[in-house]
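Participant: Numbering (this note's numbering), first residue to last: 830 to 1040.
Take this structure, written in structure tokens, and hold onto it; I'll ask about it next.
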Amino acid sequence: MDIAASWPVPPQALPDIYPAKIGGLMMSAYEEVLGGQKFALALHQAGLEFAANKVPDLPFGAPARIYQALEEIYGEQTARGICLRTGRVMFRRGLRAFSGILGLSHRGFRLLPPAQKVLRGMDLLAWTLNHYSDQRVRIEKCEQEILLINERCPHCWELEKSSPCCQLPVGALQEGLAWACSARQYTVEEITCRAKGDPSCTFRVKSKSSA
Ligand SMILES: [Zn+2]
């Protein structure tokens, strides 16, 4: 099986831009979780003005500004819960938008054993983020863990926090794992975060059966 052979030539990633194609998925996910009125309030607090169905290319740190706005409005714990739920919704919306391009409905992908499906799915996620935005994402597999490492994470861009704060990607990964292999349970945790001075944001996916 060679899923990559069916991929189209990717568009050039734009520097320091969070592109509308992915931003639109994120904003409609936020709107679904928060409701239209609260979403509009959060956008205003973040200094961003657009309708959820007309999302332009955004500055790279726009996701971080929205997170910061949510924290200012709702406090840290609730804001992180909102981001987690938004990440889950965003994955489902992203799946509908990207499934055909990435070959996820390809029979060869669907029939992979669960562990290989997870690894392959995370490789495809990294590919998508690298090619459709200016993020720098790589996957490292070590023993029973898979690490997704993002050196340019837009979720905490220019933020300073005392603990890892990028819950939206955690939620997206959780939903992706549940979709890829519902029979198995995985934990997802952000173990390093640029907002607390680490060189990258690192998300660890670990099989519970290996714990
Ligand atoms: Zn981050």
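For every residue, glycine included, the Cβ atom is placed at its ideal position computed from N, Cα and C.
Just so you know, these numbers come straight off a predicted model, no measurement behind them.
Can you tell me whether T915 is buried or exposed, with buried defined as 16 or more other CB within 10 angstroms of its CB?
Facilitator: For the purposes of this step, residue 915 is taken as residue 86 along the sequence shown, with counting starting at 1. Classification for T915: buried.
Participant: What residue range does the alpha helix (DSSP H) around F868 cover?
Facilitator: Taking the sequence shown and counting its residues from 1, one reaches residue 868 at position 39. Unbroken alpha helix (DSSP H) run through F868: 865-874.
Participant: Quick check: the Cα distance between Y896 and A908, rounded to an integer number of angstroms?
Facilitator: For the purposes of this step, residue 896 is taken as the residue at position 67 of the sequence shown. For the purposes of this step, residue 908 is taken as the residue at position 79 of the sequence shown. C-alpha separation (whole angstroms): 7 Å.
Participant: Out of A881, E1018, V947, L948, state which residue places its alpha-carbon closest to the alpha-carbon of Q996.
Facilitator: What you label residue 996 is simply residue 167 of the sequence shown in a count that begins at 1. Answer by Cα proximity: E1018.
Participant: If we call anything under 9 Å between Cβ atoms a contact, is S1036 one with A944?
Facilitator: As a working mapping, residue 1036 is identified with position 207 in the sequence shown. As a working mapping, residue 944 is identified with position 115 in the sequence shown. Closer than 9 Å, so yes.
Participant: Determine, using beta-carbon pairs with one atom in the segment 847-855 and one in the segment 938-954, whether at least three such pairs fall under 8 Å.
Facilitator: no
Participant: State the Cα-Cα distance for the pair G1000 and R917, rounded to the nearest angstrom.
Facilitator: In the sequence shown, residue 1000 corresponds to position 171, counting from 1. In the sequence shown, residue 917 corresponds to position 88, counting from 1. Answer to the nearest angstrom: the Cα atoms are 5 Å apart.
Participant: How about C982 and Q964: do their beta carbons lie closer than 9 Å?
Facilitator: Taking the first residue of the sequence shown as 1, we reach residue 982 at position 153. Taking the first residue of the sequence shown as 1, we reach residue 964 at position 135. Cβ distance < 9 Å, so C982 and Q964 count as in contact.
Participant: Could you give the DSSP three-state label for S992: helix, strand or coil?
Facilitator: The sequence position of residue 992 within the sequence shown is 163, counting from 1. If DSSP states are grouped into helix, strand and coil, S992 belongs with coil.
Participant: Can we count H935 as close to ligand 1, meaning its CB is less than 8 Å from some heavy atom?
Facilitator: Taking the sequence shown and counting its residues from 1, one reaches residue 935 at position 106. No.
Participant: Take A1024 as the anchor and find which of N979, E1004, Y903, S928 has the nearest alpha-carbon.
Facilitator: Stepping through the sequence shown from its first residue, residue 1024 is reached at position 195. Just measuring C-alpha positions, the residue of N979, E1004, Y903, S928 sitting nearest A1024 is N979.
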